[in-house]
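Enquirer:
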Amino acid sequence: MNLLELKNVTKHYLTGSEVVKALEDVTLEVKYGEFVVIMGPSGSGKSTLLSIIGGLNRPTSGTVVVDGIDIYSLSQEKLADFRREYIGFVFQSFYLIPYLTVLENVMLPLIVTDYTKEQKIAKAKEILERVGLSSKMKRFPDELSGGEQQRVAIARALVNEPLLILADEPTGNLDSLTGIEIMKLFKELNDSGKTIIVVTHNPENAKFADRCVYVKDGKLLGIEVLP
Amino acid sequence: MKLYSISIKNLLRHKLRTFLLLFVLVLAIFTFVVLITISRVVNENFAKQLDEYGANILVTPKSNSLSITYGGMMISSVEYEKNELREDDILKIRTIKNRENISVVSPKLIGIVKVNVGSNSLMKSAIICGVNFESEFKLKKWWKILGRKPSGKDEVVIGSEVARSFNLKIGDVVNIEAQVFKVSGILEETGSQDDLMIFADLRSVQDLLKKHGTITLAEVAALCYNCPVEEIVRQISDVLPNAKVTAIKQLVESRMEVMHRFGKFSFGISGIILLISALIIFTNILASVNERTKEIGILRTIGYKQNHIMRVILTEILVISFVSGLLGYLLGWGVSMIVSPILSGTTNVKVSFDWILFILSIFISLGIGIIAGIYPATKASKIDPIVALRAL
Ligand SMILES: Nc1ncnc2c1ncn2[C@@H]1O[C@H](COP(=O)(O)OP(=O)(O)O)[C@@H](O)[C@H]1O
Ligand SMILES: [Mg+2]
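Protein chains in written order, with the working numbering: chain A, 13 to 239; chain B, 10 to 401.
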């Protein structure tokens with residue numbers, strides 16, 4: 013059973029009079045519980061692909077089905093609900109909110125849900141424990157190391173219990189050791205059942221995944237199954 | 010954590026910016042409150058003074074015959090009067106549409122009488138003025154009487170000139186047209202025609218002059234703070250077709266005009282300051298939204314809707330606006346209390362807490378916030394997360 017099905021997805025960006033063909037006729041399937049790594053050179057369309065999967069970026073043509081929902085048939089506002097309920101995003105530059113504490117940053121996706129105050133705090137604390145940051149809940153992002161900040165971002169991505177985690181170069185701003193720690197965390201999460209897609213251009217990271225997908229000039233090159 | 014927590018935490022993070030916004034809006038509301046309060050206090054105070062200023066309307070008979078002057082106005086001489094004013098006519102003044110504005114009506118009968126002091130002194134002529142003492146004293150608040158006010162029909166108050174020429178003292182007895190009157194009080198010099206007159210009860214003077222039910226003129230004090238004196242003059246003319254009704258005290262009029270202009274000026278200045286503050290806030294919020302593009306992009310990415318973003322931005326503005334309205338009013342009120350006595354020249358002005366102005370201040374402040382903030386908030390809500398996060 014597939015969690016994700018991309019069919020003939022094409023994305024053209026219009027910049028002035030120029031057309032940038034970021035993705036060309038991409039078809040991709042990801043199963044529930046799978047850990048997929050997307051690799052490729054800079055500018056090949058990896059981020060575009062990830063944002064299309066995550067309901068942030070309407071493709072020029074093609075369909076994206078997540079958990080049986082044709083997401084781009086949804087309205088703009090419903091798409092926000094979809095992102096909140098189905099997707100957890102992790103970025104290269106963490107994108108934490110600097111004036112909120114670690115706990116508050118993690119609670120951010122819960123603010124616009126119907127959980128009670130106690131439930132929100134309990135959920136956030138539980139997730140922080142899972143990523144090993146219970147002791148730093150009251151800190152602000154700039155008081156943490158890069159690896160710790162990325163853990164906070166992962167906690168924020170997890171707190172709403174999404175089906176799918178999308179990470180765009182999550183180790184790109186970290187030293188290699190810390191990067192490996194983060195990849196191990198993703199592996200743990202995958203082992204406990206989460207479906208994860210990580211974009212990276214570090215081949216080291218590929219060994220954590222079930223499958224590696226290569227992108228070049230907006231096209232999928234073929235699918236490589238890892239040992 | 011609620012949506013508004015994000016707004017408040019952002020305000021607390023940017024303390025300087027928050028302070029600037031508060032400062033600008035507090036200053037605007039403060040200026041508005043002070044100008045409005047002071048112009049109102051000064052106006053009210055002035056209206057009270059006007060009440061003490063004496064008559065501003067003179068009612069005399071229509072006539073072309075010989076005249077004497079009274080209060081700088083030509084009035085018809087009693088001796089040759091055919092078209093007399095009746096005392097009863099005067100009651101009609103109280104029936105006009107703007108009767109609420111009529112504060113005092115003081116009828117007068119003026120005539121020349123023969124006066125002597127003691128049994129064998131010389132008879133001399135003097136001007137006598139029959140008045141209703143109660144109305145007359147109300148009208149002429151500036152009168153200072155040595156001795157006391159008359160308590161009966163046989164008592165008179167005399168002008169300082171009269172006292173001098175007849176060599177009269179308080180308590181002395183005078184014969185007016187062979188009738189005995191007692192001088193209960195002497196007026197301190199007024200510098201007006203009052204110094205030359207003997208003031209006696211209207212009935213007594215009507216008896217002396219054998220002019221029952223007749224008067225020479227009536228002085229009217231109308232409170233014209235909120236209505237033009239011309240309008241009252243016209244209304245009195247309508248009920249008294251035989252009388253000539255004249256507005257006096259042009260000075261008062263022009264001072265009133267100045268006061269009204271000050272009121273308009275206050276509104277104008279407040280309006281301009283409020284407009285400028287709205288522009289400053291608009292620019293500031295717009296800059297802040299641009300600065301927070303990335304942050305808003307993140308919120309949109311993790312599932313915030315457009316209206317969530319809108320609420321975050323608007324809450325920030327409304328918090329600032331509300332606090333500014335509150336502080337601006339309280340500050341303006343405080344300063345008005347200090348400044349009003351100085352500006353109005355009396356110490357007994359009271360600037361009380363004005364609920365309406367208070368609520369108005371808060372509403373105006375909130376209004377400015379919404380006007381200044383609606384575009385930036387809408388712009389923030391339309392931020393495309395893809396564009397926002399790629400910009401980095
Ligand atoms: N919002 C955008 N507008 C215009 N061009 C874009 C936009 N996003 C990406 N592109 C272009 O599309 C191509 C693919 O970009 P991207 O998906 O970011 O690649 P990658 O993540 O693999 O580096 C690039 O040429 C890039 O310049
Ligand atoms: Mg990229």
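A virtual CB, placed ideally from N, CA and C, is assigned to each residue, including glycine.
Under a three-way DSSP split, which group does Asp10 (chain A) fall into?
Expert: Past the edges of chain A, shown from 13 to 239, lies residue 10 (chain A), and the structure says nothing about it.
Enquirer: Hey, would you say Leu124 (chain B) sits closer than 8 Å to Ala135 (chain B), going by beta carbons?
Expert: With the sequence shown as reference, residue 124 (chain B) is identified as Val, and Leu is not the correct amino acid for it. The answer is yes: Cβ separation under 8 Å.
Enquirer: Could you please tell me which residues of the segment 106-128 of chain A, in chain order, have their CB closer than 7 Å to any CB of chain B?
Expert: Tyr107, Ile109, Tyr111, Leu112, Glu116, Met119, Leu120, Pro121, Ile123, Val124
Enquirer: Could you check if Asp180 (chain A) belongs to the surroundings of ligand 2, using beta carbon to heavy atom distance under 7 Å?
Expert: yes
Enquirer: Quick check on the burial criterion: 16 or more other C-beta atoms within 10 angstroms. Buried or exposed for Ile347 (chain B)?
Expert: exposed
Enquirer: According to DSSP, what are the bridge partners of Asn125 (chain B)?
Expert: Within the DSSP secondary-structure output, Asn125 (chain B) pairs in a beta bridge with B:Asn184.
Enquirer: If you draw a straight line from the alpha carbon of Tyr127 (chain A) to that of Leu375 (chain B), how long is it in whole angstroms?
Expert: Distance between the alpha carbons of Tyr127 (chain A) and Leu375 (chain B): 31 Å.
Enquirer: Enumerate in chain order the residues of its own chain whose CB-to-CB distance from Val42 (chain A) is below 7 Å, with the five nearest sequence positions on each side excluded.
Expert: Asn14, Leu15, Leu16, Val48, Thr207, Ile209
Enquirer: Once you ignore the five residues that flank Phe291 (chain B) on each side, which residues in its own chain have a CB closer than 6 Å to its CB?
Expert: Ala381
Enquirer: Given a threshold of 16 other Cβ atoms within 10 Å of its Cβ, counted over all protein chains shown, does Met119 (chain A) qualify as buried or as exposed?
Expert: buried
Enquirer: Counting only the same chain and skipping the five closest in sequence on each side, list residues whose C-beta sits under 8 Å from that of Leu8 (chain B).
Expert: Nothing can be reported for residue 8 (chain B), as the shown portion of chain B is limited to 10 through 401.
Enquirer: Tell me, to the nearest whole angstrom, how far the beta carbon of Ser59 (chain A) is from that of Asp180 (chain A); I am working on the premise that it is less than 8 Å.
Expert: 5 Å
Enquirer: Let me see if you follow: with CB-CB separation under 8 Å, is Glu89 (chain A) close to chain B or not?
Expert: yes
Enquirer: Can you pull the chain B residues whose beta carbon is under 9 Å from the beta carbon of Asn4 (chain A), in chain order?
Expert: Residue 4 (chain A) lies beyond the residue range present for chain A, which begins at 13 and ends at 239; the question has no answer from this structure.
Enquirer: If you count every other CB in all the chains shown that lies within 10 Å of the CB of Ala172 (chain B), and 16 or more means buried, which is it?
Expert: buried
Enquirer: For Ala167 (chain A), which residues from the same chain have a beta carbon less than 6 Å from its beta carbon, with the 5 sequence-adjacent residues on both sides left out?
Expert: Val118, Ile139, Leu140, Val143
Enquirer: Kindly list the residues whose CB is nearer than 6 Å to the CB of Ser63 (chain A), restricted to its own chain and excluding five residues on each side of it in sequence; keep chain order.
Expert: Excluding sequence positions up to five before and after Ser63 (chain A), its CB lies within less than 6 Å of the CB of Asn69, all in the same chain and listed in chain order.
Enquirer: Could you name the residues that DSSP lists as bridge partners for Asp180 (chain A)?
Expert: A:Phe103, A:Val211
Enquirer: Using 10 angstroms around the beta-carbon of Asp203 (chain B), count the other beta-carbons present and answer buried if the total reaches 16, otherwise exposed.
Expert: buried
Enquirer: Could you work out which residues of chain A lie near Glu304 (chain B), taking near to mean beta carbons separated by less than 7 Å?
Expert: Ile109
Enquirer: Applying the 10 Å Cβ sphere with the 16-neighbour rule, what's the burial state of Thr39 (chain A)?
Expert: exposed
Enquirer: Just to confirm my understanding: we take Ile99 (chain A), look at its own chain, exclude 5 residues before and 5 after, and list those with CB closer than 7 Å. What are they?
Expert: Gly66, Gly67, Pro174, Leu176, Leu178
Enquirer: Under 7 Å, CB to CB, which of the residues in the segment 185-210 of chain A have a partner in chain B?
Expert: none
Enquirer: Sorry if obvious, but does the Cβ on Ala397 (chain B) come closer than 7 Å to a heavy atom of ligand 1?
Expert: False, no ligand heavy atom lies under 7 Å from that Cβ.
Enquirer: Quick check: the Cα distance between Val122 (chain B) and Ala187 (chain B), rounded to an integer number of angstroms?
Expert: 10 Å
Enquirer: Reducing DSSP to helix, strand and coil, say where Asn54 (chain B) ends up.
Expert: Asn54 (chain B) falls in the helix class under three-state DSSP.
Enquirer: Does Thr324 (chain B) have its Cβ less than 8 Å from a Cβ in chain A?
Expert: False, the Cβ-Cβ gap to chain A never drops below 8 Å.
Enquirer: How would you list, in chain order, the residues of chain B whose beta-carbon sits under 7 Å from the beta-carbon of Leu68 (chain A)?
Expert: Thr310, Pro394, Ile395
Enquirer: Using a C-beta to C-beta distance shorter than 7 Å, which residues of chain B count as neighbours of Asp154 (chain A)?
Expert: Those do not exist, as Asp154 (chain A) stays about 12 Å from chain B at its closest Cβ, beyond 7 Å.
Enquirer: Are Thr46 (chain B) and Ser345 (chain B) closer than 8 Å when you measure CB to CB?
Expert: Taking a C-beta distance under 8 Å as the contact criterion, Thr46 (chain B) and Ser345 (chain B) qualify as a contact pair.
Enquirer: What is the C-beta distance between Arg2 (chain A) and Ile311 (chain B), in whole angstroms, given that I count them as a contact (C-beta under 8 Å)?
Expert: Absent from the model: residue 2 (chain A). The displayed extent of chain A is 13 to 239, so no value can be given.
Enquirer: I'd like the ranges of any beta strand (DSSP E) spanning at least 3 consecutive residues and lying wholly in the segment 134-206 of chain A.
Expert: Secondary structure within the segment 134-206 of chain A: the beta strand (DSSP E) runs of 3 or more consecutive residues, fully enclosed, are 176-180 (chain order).
Enquirer: Please state whether the Cβ-Cβ distance between Val406 (chain B) and Ser330 (chain B) is less than 8 Å.
Expert: Any question about residue 406 (chain B) goes unanswered here, given that chain B covers just 10 to 401.
Enquirer: At the level of alpha carbons, what is the spacing between Gly378 (chain B) and Leu327 (chain B)?
Expert: 6 Å
Enquirer: Helix, strand or coil: which one does DSSP assign to Arg26 (chain B)?
Expert: helix
Enquirer: Any Cβ of chain B within less than 8 Å of the Cβ of Arg151 (chain A)?
Expert: no
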